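Since the structure comes first, as structure tokens, the remarks are kept for the end.
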Amino acid sequence: MSKWLYRVGRWAAGNPWKVIGAWLLVSVVMIGASVGFGRELEDSFEAPGLDSTAALDLLTQTQSEAAGLTAQVVVTPLDADATFFDDATRPVADLAAVQAQVEALPNVLGTNDPAGLLQQDTDAAVAAGAVSPDGSVAVIRVQYPVLEEVSSADLDRLKELGDTARATSSLQVELNGDLFFTFEESGGGGEMVGIIAAVFILLLAFGSVIAMGLPIGMALFGLALGVTSMGLVTYLIEIPSWAPEIAAMVGLGVGIDYALFLVTRHREFLALGMTVPESAGRAVATAGQAVIFAGGTVVIAILGLGVAGVPFMTAAGVATSITVLIMVLTSITLLPAFLGVSGHWINRLGVHRKRRGRDGLGTAGAPAIGARWERWGRHVTAHAWSYSIGVTALLLALTAPVLSLQLGFPGEGALPESRTERRAFDLVAEGFGAGLNGPLVIAVDISADAEVVEPLRRAIEADEGVVSVTPADIDLEAGVATMLAFPTTPPQDDVTFDTIQRLRADVIAPVVSESPATAHVGGQTASFGDIGGRVTDRLLLFIVAVVGLSFLLLTLVFRSILVPLKAAVLNLLSIGAAYGVLVMVFQWGWGKDIIGLESTVPIVAFIPMFMFAILFGLSMDYEVFLLSRVREEYLLTGDNDRSVIHGIASTARVITSAALIMISVFLGFVFGDDPIIKMMGLGLATAIFVDATIVRLVLVPATMKLMGDANWWLPGWLDRLLPTIDIEGEARLPEPKMEHTATENTATVNTATENTATEKPATQNTAMVSAELENIELENTGTENPATGKPAMIARNSEGERGERERGAAAVSAGGSLSAGPEVLSS
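Under full-length UniProt numbering, the residue at position 103 of the sequence shown is numbered 103, and the numbers go up by one with no gaps.
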């Protein structure tokens, strides 16, 4: 594949406007199609085989109004002394007026009529759950048609009505319900926070405005296409309304990171004197192949969410995967086109004075930074036992809170008080008790026995976990009866889910066992509980599947048993630490005010599985990038300690920059309103921080030092069976095309920088290159190269630094090939 990628990258850099024009055409067509034909994103918490889904199916099949969406208009008098029990007060009249306006809205099928109930009998209004026992709060329950017949326009009309009622009546008017959950969009802005942070990080990493702008531009373009495509994908699968934020979070992170790796490699090749198309082609063939591998792993892991058997999780995974795929495609096609357009100007518009060690990623100053990381690598490997034990203990301590993990759904009570849904939630909880915010819909099939309804209602109302049950709404023609049961505990409480299971098994089942009728417990609260249970049941299977896949892939790439096994264990520690931090913040409330969380909430049931899929895919990126350099050096020298130190020295700066960008993007989403997005952002940021710093820069080198040559042990029979995979594919590429060929008769070579006096590409005398490298010499390591069976040699200069740039430059000055890589120095 490397040769094909080389041709693609080289052609794109040589024909940039054709590629850019083609992508612009694709974007115009896709955006136009989405605007013209795209469907709205909708939330549907259903899954086959669940009792809550069976309840909805029964109501839908019988065309019951209860199968549709609902909303609540919660009102209370602004006068603290007034109640709805006093007919002489204005609030009663205003309640009737607001109710009439609601009933006049398009698509409203009806309401629970609290105003009418109050005119008949206040006790009846209280018994129906329409007015609180003290008369301070009234709830207008609004019934809408099924999801397919409702749109966000209905939500907009209801919100406009609420604004008008607040301004013209004596009531505080707040809104919530299914309609909000289905169509309300959470506040954005997280993308911009991450992008601004990424700009500063890339400026520091590259030291060039142009080099910084390319990864940002690619990520934004890919994100626009990815999010736009979701409106079209809804023709195949229902995409939840929060999927674009998850896709933006992951897409921005990987998009900027992938472009960072490619631009870094491109600048390295330019610094060695290659032509711009040649450099771009080789960057795509090497780093681009690693990008495809990493992106493919992310996609496969996220699509594995289908194991949960929950359609909305599968749909969100598909939406995110499409965005990641678009990021990969733009990285290997559109980015090299822009590299071709920028030419040698990619190093222009520097933001700091150039000096050795501060020229930015992929430029000639990198060795000093590498030397600094090399000293760190030597320090860690010299204290391998201490770091291994200490860091492992730290990660286990961070993971320990997982033992208190409580899965559930935060609900509207977790929203900030600035949201009307939260204020409505609080009013209902204060007037009726917290359980009224999570009514359970009891759906009864009475086509064969209508007499079972009242005994069933009495049995449910007698349960200790139920406050009250509304009178049954019986439709004999349709053969269905519905009633609402109000729990004693809030919707997100574990006790509520216990009540649901008890009602099904110990209350409803005995009553209907002597009747041909069937009954199911549904509603949003029951659906959340059922989905949480299913996800929990299948989480272990999913973890085993993803870990097994990553083990197989890393075994193929690195031809080792211990390296993939260690990677799996360390990834589990990183993710476990992230889970622990979520428990500490969201359940225990540690630092919740910092992220704008006003109350503690359970961990959203599907977050652990979603995080695991995304993080295992992302961690493969850093794993491959680091270990490929370690293995390359080990094959060259046969010295495990040297190879580990070299891997750290040559990759730490890029990994750190990439991780900082990813962390910034994820943290940008923490400060929104939606607790689901907050959890995902904080969890992913924590895991990436742990993985790219504590694990990659400390635990990986320490444990590899302790394992020694056993790191690369592979049984002979397995070695013969496994195909050879060159993750960066450089060995299969043709000889590079240079700006000026370095031969004995050539006086100068291009330095891939601009002469400030002439504004033309500067050249450098090969004698000067040789002078720069006069201190580099081949040193016998005293070990045998396992790849060749000959004494392993290594290039060292006076400072003990090693790297691809020195080897490549040595090859140029000697008239050799830059593509030879490690083989240049092997005996």
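For each residue, glycine too, the CB sits at the ideal point set by N, CA and C.
Quantities reported herein were computed from a predicted structural model and do not represent experimental measurements.
Return helix, strand or coil for residue i, following the three-state DSSP convention.
{"i": "residue 77", "result": "strand"}
{"i": "residue 701", "result": "helix"}
{"i": "residue 624", "result": "helix"}
{"i": "residue 437", "result": "helix"}
{"i": "residue 290", "result": "helix"}
{"i": "residue 1", "result": "coil"}
{"i": "residue 55", "result": "helix"}
{"i": "residue 839", "result": "Since the first residue of the chain shown is 1 and the last is 827, residue 839 is not available in this structure."}
{"i": "residue 410", "result": "coil"}
{"i": "residue 310", "result": "coil"}
{"i": "residue 236", "result": "coil"}
{"i": "residue 46", "result": "coil"}
{"i": "residue 792", "result": "In this prediction, residue 792 scores a pLDDT of 49, lower than 50, which makes its location untrustworthy; the coordinate-derived value is nonetheless stated afterwards. In the structure shown, residue 792 sits in a strand (DSSP, three-state: E or B)."}
{"i": "residue 482", "result": "strand"}
{"i": "residue 725", "result": "coil"}
{"i": "residue 675", "result": "helix"}
{"i": "residue 491", "result": "coil"}
{"i": "residue 107", "result": "coil"}
{"i": "residue 142", "result": "strand"}
{"i": "residue 173", "result": "strand"}
{"i": "residue 131", "result": "strand"}
{"i": "residue 710", "result": "helix"}
Answer with buried or exposed for residue i, where buried requires no fewer than 16 other C-beta atoms within 10 angstroms of its C-beta.
{"i": "residue 13", "result": "buried"}
{"i": "residue 806", "result": "Its pLDDT being 40, under 50, residue 806 is placed unreliably by the model, and the measurement read from it follows with that caveat. The residue is buried, with at least 16 neighbouring Cβ atoms inside 10 Å."}
{"i": "residue 356", "result": "At residue 356 the pLDDT is 47, less than 50, meaning the model places this residue with poor confidence and gives no usable figure here."}
{"i": "residue 18", "result": "exposed"}
{"i": "residue 382", "result": "exposed"}
{"i": "residue 840", "result": "With the chain represented from 1 up to 827, any question about residue 840 goes unanswered, as that position is not in the structure."}
{"i": "residue 133", "result": "exposed"}
{"i": "residue 684", "result": "buried"}
{"i": "residue 125", "result": "buried"}
{"i": "residue 510", "result": "exposed"}
{"i": "residue 148", "result": "exposed"}
{"i": "residue 520", "result": "buried"}
{"i": "residue 52", "result": "buried"}
{"i": "residue 593", "result": "exposed"}
{"i": "residue 167", "result": "exposed"}
{"i": "residue 289", "result": "buried"}
{"i": "residue 345", "result": "exposed"}
{"i": "residue 454", "result": "exposed"}
{"i": "residue 404", "result": "exposed"}
{"i": "residue 828", "result": "Because the chain spans 1 through 827 in this model, residue 828 falls outside it and cannot be assessed."}
{"i": "residue 657", "result": "buried"}
{"i": "residue 192", "result": "exposed"}
{"i": "residue 258", "result": "buried"}
{"i": "residue 138", "result": "buried"}
{"i": "residue 625", "result": "buried"}
Since residue i and residue j are thought to touch, with beta carbons under 8 Å apart, how far apart are those beta carbons, to the nearest angstrom?
{"i": "residue 828", "j": "residue 705", "result": "Nothing can be reported for residue 828, as the shown portion of the chain is limited to 1 through 827."}
{"i": "residue 231", "j": "residue 326", "result": "About 15 Å separates the two Cβ atoms, so there is no contact after all."}
{"i": "residue 342", "j": "residue 201", "result": "Residue 342 to residue 201, Cβ: 20 Å. No contact."}
{"i": "residue 98", "j": "residue 165", "result": "5 Å"}
{"i": "residue 524", "j": "residue 45", "result": "7 Å"}
{"i": "residue 222", "j": "residue 330", "result": "5 Å"}
{"i": "residue 228", "j": "residue 446", "result": "Incorrect: roughly 47 Å between the Cβ atoms, too far for contact."}
{"i": "residue 444", "j": "residue 480", "result": "7 Å"}
{"i": "residue 696", "j": "residue 655", "result": "6 Å"}
{"i": "residue 627", "j": "residue 689", "result": "Going by Cβ atoms, the distance from residue 627 to residue 689 rounds to 20 Å, so no, they are not a contact pair."}
{"i": "residue 580", "j": "residue 402", "result": "5 Å"}
Could you tell me whether any Cβ in chain B is nearer than 9 Å to the Cβ of residue i?
{"i": "residue 476", "result": "Absent from the structure is chain B; it holds one protein chain and no more."}
Contact between the segment 376-393 and the segment 583-591 (3+ Cβ pairs under 8 Å): Output reads no: the segment 583-591 does not touch the segment 376-393.
Sufficient close CB pairs (3 or more, under 8 Å) joining the segment 259-269 to the segment 66-73: Taking one beta carbon from each stretch, the segment 259-269 and the segment 66-73 have fewer than 3 pairs nearer than 8 Å; the two do not touch.
Beta strand (DSSP E) runs wholly inside the segment 575-657, at least 3 long, in chain order: Taken in chain order, no unbroken stretch of beta strand (DSSP E) lies wholly in the segment 575-657 with a span of 3 residues or more.
Contact the segment 566-583 vs the segment 462-471: 3+ CB pairs below 8 Å: No, the segment 566-583 does not touch the segment 462-471.
Start-end ranges of the alpha helix (DSSP H) lying completely within the segment 505-581, minimum 4 residues: DSSP runs (the alpha helix (DSSP H)) wholly in the segment 505-581: 509-512, 524-558.
The segment 405-414 / the segment 473-493 touching (three or more Cβ pairs under 8 Å): Three or more beta-carbon pairs separated by less than 8 Å link the segment 405-414 to the segment 473-493, which places the two stretches in contact.
Three CB pairs or more closer than 8 Å across the segment 529-539 and the segment 472-482: No contact exists between the segment 529-539 and the segment 472-482.
Those runs of the beta strand (DSSP E) which lie wholly inside the segment 425-479 and span at least 3 residues: Secondary structure remark: continuous beta strand (DSSP E) runs of at least 3 residues inside the segment 425-479, in chain order: 440-445, 466-469, 473-475.
Stretch pair the segment 691-708 + the segment 533-552: three plus CB contacts closer than 8 Å: Judged by Cβ distances under 8 Å, the segment 691-708 makes no contact with the segment 533-552, as fewer than three pairs qualify.
At least 3 beta-carbon pairs within less than 8 Å: the segment 599-612 vs the segment 421-429: Here the segment 599-612 makes no contact with the segment 421-429; the two share fewer than three CB pairs at distances below 8 Å.
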